[in-house]
Amino acid sequence: MEECQKLGLTKAIGVSNFNTRKLEELLAFAKIPPAVDQVEMNISWQQQKLKEYCAKKGICITAYFPLGGQFSGNPVMTSDVLREIAHAKGKTIAQILLTKLILTKEGSLNSIDISDIEIYEV
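In structure tokens:
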């Protein structure tokens, strides 16, 4: 992939499902660090250690399953606590979850008006 980037065939290199140990192993020999690590991340699996490590190394994280895991009986979307918060705010659980995920990031989601939601730690 590094050769592809050098040849201009790709703009950036990314990895998927790399934890801090895998990233450390990669960075020990890589000449070009990955620009992004795509990992499962949601309110029940926030991967704080990985987020901090990637921030230090300049690696962006892209989250998949931001509304909870892939398995049936998703504990995130069926959480009584989140349902209560969403009801109190007049929003959906998905809006609450997405707000929590982007609170520390700049930008906005154009398809959902989340600007008036205030979130507190659960």
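Going by the UniProt record's numbering, the sequence shown opens with residue 1, and the numbers climb by one from there. We treat Cβ as the ideally placed atom computed from N, Cα and C, and that holds for glycine.
Under the rule that 16 or more other beta-carbon atoms within 10 Å means buried, what is residue i, buried or exposed?
{"i": "Ile96", "result": "buried"}
{"i": "Asn19", "result": "exposed"}
{"i": "Val81", "result": "exposed"}
{"i": "Pro34", "result": "buried"}
{"i": "Leu9", "result": "exposed"}
{"i": "Thr78", "result": "exposed"}
{"i": "Lys22", "result": "exposed"}
{"i": "Ile93", "result": "buried"}
{"i": "Ala12", "result": "exposed"}
{"i": "Asn42", "result": "buried"}
{"i": "Ile59", "result": "buried"}
List the residues that DSSP assigns as beta-bridge partners of residue i.
{"i": "residue 152", "result": "Here the chain covers residues 1 to 122 and nothing more, so residue 152 does not appear."}
Beta-carbon separation of residue i and residue j under 9 Å?
{"i": "Lys6", "j": "Leu27", "result": "no"}
{"i": "Gln48", "j": "Val39", "result": "no"}
{"i": "residue 164", "j": "Val36", "result": "A query on residue 164 cannot be resolved here, the shown segment of the chain reaching from 1 to 122 and no further."}
- Please confirm if the region 44-60 is in contact with the region 82-91, defined as three or more CB-CB distances below 8 Å between the two stretches. No, the region 44-60 is not in contact with the region 82-91.
- Message: Restricting to runs no shorter than 3 residues, where is the beta strand (DSSP E) found entirely within the region 28-101?
- Response: Complete beta strand (DSSP E) runs here, min 3: 36-40, 60-64.
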